[in-house]
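> If you read the protein sequences in the order shown, they are chains P and S. Our numbering applies: residue 1 is where the first sequence begins, and numbers increase by one. Our numbering applies: residue 1001 is where the second sequence begins, and numbers increase by one.
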Amino acid sequence: MATGGTEFIDSTTADVLIREAWSRLAIVAREQALVQANLVDRRFESEIVGDVIHVPSRTHLSAQTKTKASNAAIVYETQTETLTNITVATWEYVAIAVESIVKIQADRDMLKWYAGEMGYALALAVDDVLAGLVDDFTNTVGTLAAENTDNDFIRARQYLNDANAPQDTRYISISPAGESGLLKLDRYVNNDYSAIHGDGARETALEKAYVTSFYRMPVYVSTNVEGTNAAGHDNGMWQKEAIALVMQEKPNMYPVTWDPDYLVWKVVMEQIYGSREMRDDHGVWIQGA
Amino acid sequence: MPRSTKERRPVTKTVDGNVAPRVDVNVTSRVAALESSMTKVLEGINMLAANFKEMRDHQNTLPMAQKPERILEAANLAVGRAAAANRGTIQTRARASNALNPRGALTRTFAINDVVRLAETSDLYARIKTGLAAQEHPVIIDEPPLGVVLRPLQITHAGSQKYRVHFDGIGEDGCLEEELELVKSAV
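(1) Reducing DSSP to helix, strand and coil, say where W22 (chain P) ends up.
(2) Which word fits L206 (chain P), buried or exposed, when buried means at least 16 other C-beta atoms lie within 10 angstroms of its C-beta?
(3) Run through the segment 1124-1176 of chain S for me and flag every whole alpha helix (DSSP H) of 4 or more residues, listed as ranges in chain order.
(4) May I ask you to report which of helix, strand or coil DSSP gives V332 (chain P)?
(5) Going by DSSP, name the residue or residues bridged to T87 (chain P).
(6) Starting from H233 (chain P) and walking both ways along the beta strand (DSSP E), at which residues does that stretch end?
(7) Since T78 (chain P) contacts V52 (chain P) with CB under 8 Å, what's their CB separation in whole angstroms?
(8) In the structure shown, what three-state DSSP assignment does K266 (chain P) receive?
(9) Within its chain, find whatever has a CB closer than 6 Å to the CB of D281 (chain P); leave out the 5 residues flanking it on each side and keep chain order.
(10) What does DSSP give as the partner residue(s) for P218 (chain P) in the beta ladder?
(11) From the DSSP secondary-structure annotation, give me the bridge partner or partners of A97 (chain P).
(12) Need the endpoints of the alpha helix (DSSP H) that S180 (chain P) sits in, please.
(13) For M237 (chain P), count the other beta carbons within 10 Å of its own beta carbon; 16 or more makes it buried, fewer makes it exposed. Which is it?
(14) Helix, strand or coil: how does DSSP classify T1092 (chain S) here?
(15) Kindly indicate if chain P contains any beta-carbon less than 8 Å away from that of H1157 (chain S).
(16) If I measure Cβ to Cβ from S1111 (chain S) and keep anything under 8 Å in the same chain, skipping five residues before and after, which residues do I get?
(17) Output, in chain order, the set of chain S residues within a Cβ distance shorter than 8 Å of T228 (chain P).
(18) Who does L1118 (chain S) pair with in a DSSP beta bridge?
(19) Can you tell me which of the three DSSP states Q79 (chain P) falls into?
(20) In terms of DSSP beta bridges, what is W258 (chain P) paired with?
(21) Should I1112 (chain S) be counted as a contact of the ligand SAH given a C-beta to heavy atom distance under 7 Å?
(22) Terminal residues of the continuous beta strand (DSSP E) containing A244 (chain P)?
(23) So with Cβ pairs under 8 Å, would you call A127 (chain P) a contact of chain S?
(24) Could you compute how far the alpha carbon of G132 (chain P) sits from the alpha carbon of A125 (chain P)?
(25) So, E226 (chain P) versus G1174 (chain S), is the Cβ gap smaller than 8 Å?
(26) Would DSSP call S275 (chain P) helix, strand or coil?
(27) Would you mind stating whether R1127 (chain S) and A146 (chain P) have Cβ atoms separated by less than 8 Å?
(28) Label L17 (chain P) either buried or exposed according to how many other C-beta atoms from any shown protein chain fall within 10 Å of its C-beta, with 16 as the threshold for buried.
(29) Can you tell me where the beta strand (DSSP E) holding G283 (chain P) begins and where it ends?
(30) Comparing alpha-carbon positions, which option in P:V256, P:M278, P:I196, P:T149 lies nearest I286 (chain P)?
(31) Among the candidates P:E31, P:S11, P:E20, whose CA atom is the shortest distance from the CA of A209 (chain P)?
(32) Between G1169 (chain S) and the rest of its own chain, which residues show a CB-CB distance below 6 Å, the 5 nearest in sequence each way excluded?
(33) Just to confirm before moving on: does the CB-CB distance between I172 (chain P) and F214 (chain P) stay below 8 Å?
(34) So, for P1102 (chain S): in the same chain, excluding its five sequence neighbours on each side, which residues have a beta-carbon less than 7 Å away from its beta-carbon?
(35) For the alpha helix (DSSP H) that G116 (chain P) lies in, which residues bound it at each end?
(36) What residues in its chain sit with their C-beta under 7 Å from that of Y273 (chain P), if we drop five residues either side in the sequence?
Next comes the structure, spelled out in structure tokens:
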């Protein structure tokens, strides 16, 4: 007991009697728009058996000329084809274990609380790997940490055209800083150029970070494009067949299991996949902001 | 070589009533056999001496004890590399396997959660330094930033292993193994 002229019953002495509230809401870490997995070639997934897929090449044959005046025998042509191998050896998982006392006493279901995060963690890992392939394209335009110009996109498009890449399923993937540079391009924002950029808002992210098209290619904006604002980002333009992704085991969550040795509830989610650059000339590394 | 005192005297033989020429065949052959046997004995002694010397030297140069993993690793290193480079052909469907590394994966320099530092000479460090200084609110750094390895990425066309690395306050970027220096191993 304390007495005195200023010994009031204040918030310190009555601390144990003051209620506290735990919000039902939470500051959930913002998720990045993960776009890459939908922009690459997934056709090989149905073929995977074991841990590698051998994809043979097929090269063109050459027409020969038969001389009318000569009765020489014709010649036959053979091509030595090569293999591009997709190794499926990346095995990743996310696991959590909640002690039973926490499960009973916590004011919310911890397993359910983190279930979404587990799926996001695995999806992010795949997106990281695919985003990392862009800076390995041989053809490059632009300068790292500098906003891209219209010429960069035109030249990149020409690279794809020079390689006879199919016109459909071409994509542009850029960072938010890269998009800021795009928004300064008259051809990107001015509706006089709607034949180039198509209709649609150019500042509002739509489903799956799709913003709008540019030079008839959909533009996806994601913070998970490899790089930083300080050092620049590895933006890219590619045709779908440039990169292959094989998800042998899509993110798979196993039933919650009870471990009596530790008195915990365990949840594990795993995935198995592989990726590979398949056609180097079907992609362009757009070095930019 | 002196003759033996017990040597038999040669017997005079006749052929068709004539005295045959005296030839000491027995003596010559016995002497030759004796020489041969003595030579063999000497060779045997020399061989035994050499063996003994070898055994003695061998004891002085016993190999250092090695972990079984090291021995296996040395034996399988070349095989493992070959397996990583060529995971089999469609013709043979045969693959080399490595007991320590059955999937033939290349041994990576860095592991997840390793603390690394950007190499001072790396292009990425130069760009980060310039980029931070050019920001609206400039940040000046005097030494390469530390980062944490998030995950290995692909092996580039140039043959370098690439990693996704988180640099606190800067962001995540892809770094080649030669751009990184290990500060603290996570293992």
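Even glycine gets a Cβ: it sits at the ideal position worked out from N, Cα and C.
Judging by the given coordinates:
(1) On the first sequence, position 22 is the one that residue 22 (chain P) refers to. In the structure shown, W22 (chain P) falls within a coil segment according to DSSP collapsed to helix, strand and coil.
(2) On the first sequence, residue 206 (chain P) is found 206 positions in, with the first residue counted as 1. Confidence at L206 (chain P) is low in this model, with a pLDDT of 48, below 50, so the placement of that residue should be treated as unreliable; the coordinate-derived value is given next. Exposed: under 16 other Cβ atoms inside 10 Å.
(3) The qualifying runs do not exist here; there are none.
(4) No answer is possible for residue 332 (chain P): it lies beyond the span of chain P, which begins at 1 and ends at 289.
(5) Reading the first sequence from its first residue, position 87 is the one you call residue 87 (chain P). In the DSSP assignment, T87 (chain P) is bridged to P:V52.
(6) Position 233 of the first sequence holds residue 233 (chain P). H233 (chain P) -> beta strand (DSSP E) spans 232-239.
(7) Along the first sequence, read from residue 1 onward, the residue named residue 78 (chain P) stands at position 78. Along the first sequence, read from residue 1 onward, the residue named residue 52 (chain P) stands at position 52. Contact between T78 (chain P) and V52 (chain P) is absent: CB atoms are separated by about 26 Å, not below the 8 Å threshold.
(8) The count along the first sequence starts at 1 and reaches residue 266 (chain P) at position 266. Here K266 (chain P) carries a strand assignment [DSSP, helix/strand/coil].
(9) Your numbering for residue 281 (chain P) matches position 281 in the first sequence. Here the set comprises A163.
(10) Counted from its first residue, the first sequence places residue 218 (chain P) at position 218. Paired residue(s): P:S213.
(11) Taking the first residue of the first sequence as position 1, residue 97 (chain P) is located at position 97. A97 (chain P) pairs with P:K266.
(12) Taking the first sequence and counting its residues from 1, the one referred to as residue 180 (chain P) is at position 180. First-last of the alpha helix (DSSP H) with S180 (chain P): 176-182.
(13) As a working mapping, residue 237 (chain P) is identified with position 237 in the first sequence. The residue is buried, with at least 16 neighbouring Cβ atoms inside 10 Å.
(14) Walking along the second sequence from the start, residue 1092 (chain S) turns up at place 92. Because the pLDDT at T1092 (chain S) is just 37, under 50, the model does not fix this residue reliably, and the value given afterwards should be weighed accordingly. Residue state, collapsed to three classes: coil.
(15) Here residue 1157 (chain S) is taken as the residue at index 157 of the second sequence, counted from 1. In terms of beta-carbon proximity, H1157 (chain S) lines the interface with chain P, with at least one pair separated by less than 8 Å.
(16) Indexing the second sequence from 1 puts residue 1111 (chain S) at position 111. Reading the sequence as shown, one finds Ala at residue 1111 (chain S) and not Ser. Answer for A1111 (chain S): V1149, S1185, A1186, V1187, listed in chain order.
(17) For this step, residue 228 (chain P) is matched to residue 228 along the first sequence. Per Cβ cutoff of 8 Å: I1128, G1131, F1167, I1170, G1171, E1172, D1173.
(18) Indexing the second sequence from 1 puts residue 1118 (chain S) at position 118. DSSP output for L1118 (chain S) lists S:L1180 as bridge partner(s).
(19) Here residue 79 (chain P) refers to the residue found at position 79 when the first sequence is read from its first residue. Of the three classes helix, strand and coil, the one that applies to Q79 (chain P) here is coil, per DSSP.
(20) Here the question's residue 258 (chain P) lines up with position 258 in the first sequence. Beta-bridge pairing links W258 (chain P) to P:W265.
(21) Absence of the ligand SAH is noted for the structure shown, with no ligands found whatsoever.
(22) Taking the first residue of the first sequence as position 1, residue 244 (chain P) is located at position 244. For A244 (chain P), the enclosing beta strand (DSSP E) has its first and last residue at 243-253.
(23) What you label residue 127 (chain P) is simply residue 127 of the first sequence in a count that begins at 1. Just to set this straight, residue 127 (chain P) is Asp in the shown sequence, not Ala. Output row for D127 (chain P): interface = no.
(24) Walking along the first sequence from the start, residue 132 (chain P) turns up at place 132. Walking along the first sequence from the start, residue 125 (chain P) turns up at place 125. Going by the C-alpha atoms only, they are around 11 Å apart.
(25) Translated into the one-based positions of the first sequence, residue 226 (chain P) becomes position 226. Translated into the one-based positions of the second sequence, residue 1174 (chain S) becomes position 174. In this structure, E226 (chain P) lies near G1174 (chain S), with their beta-carbon atoms less than 8 Å apart.
(26) Looking up residue 275 (chain P) in the first sequence gives position 275. Reduced to three states, the DSSP call for S275 (chain P) is strand.
(27) Looking up residue 1127 (chain S) in the second sequence gives position 127. Looking up residue 146 (chain P) in the first sequence gives position 146. No. Outside cutoff.
(28) Taking the first residue of the first sequence as 1, we reach residue 17 (chain P) at position 17. In this structure L17 (chain P) is exposed. Its beta-carbon is surrounded by fewer than 16 other beta-carbon atoms within 10 angstroms.
(29) Numbered from 1 along the first sequence, position 283 holds the residue referred to as residue 283 (chain P). 283-288 is the span of the beta strand (DSSP E), which, as asked, contains G283 (chain P).
(30) Position 286 of the first sequence, counted from the start, is the residue given in the question as residue 286 (chain P). Comparing Cα positions, the closest option is P:T149.
(31) As a working mapping, residue 209 (chain P) is identified with position 209 in the first sequence. Comparing Cα-Cα distances from A209 (chain P) to each of P:E31, P:S11, P:E20, the minimum goes to P:E31.
(32) Position 169 of the second sequence, counted from the start, is the residue given in the question as residue 1169 (chain S). None.
(33) Here residue 172 (chain P) refers to the residue found at position 172 when the first sequence is read from its first residue. Here residue 214 (chain P) refers to the residue found at position 214 when the first sequence is read from its first residue. Cβ distance < 8 Å, so I172 (chain P) and F214 (chain P) count as in contact.
(34) For the purposes of this step, residue 1102 (chain S) is identified with residue 102 of the second sequence, where counting begins at 1. With a pLDDT of only 42 at P1102 (chain S), under 50, the local geometry of the prediction cannot be trusted, and the value read off the model is given with reservation. Answer for P1102 (chain S): no residue qualifies.
(35) For the purposes of this step, residue 116 (chain P) is taken as residue 116 along the first sequence, with counting starting at 1. Boundaries of the alpha helix (DSSP H) around G116 (chain P): 110-131.
(36) What you label residue 273 (chain P) is simply residue 273 of the first sequence in a count that begins at 1. In its chain, beyond the 5 residues on either side, V88, T90, V126, L245, V246, M247, Q248 have a beta carbon closer than 7 Å to the beta carbon of Y273 (chain P).
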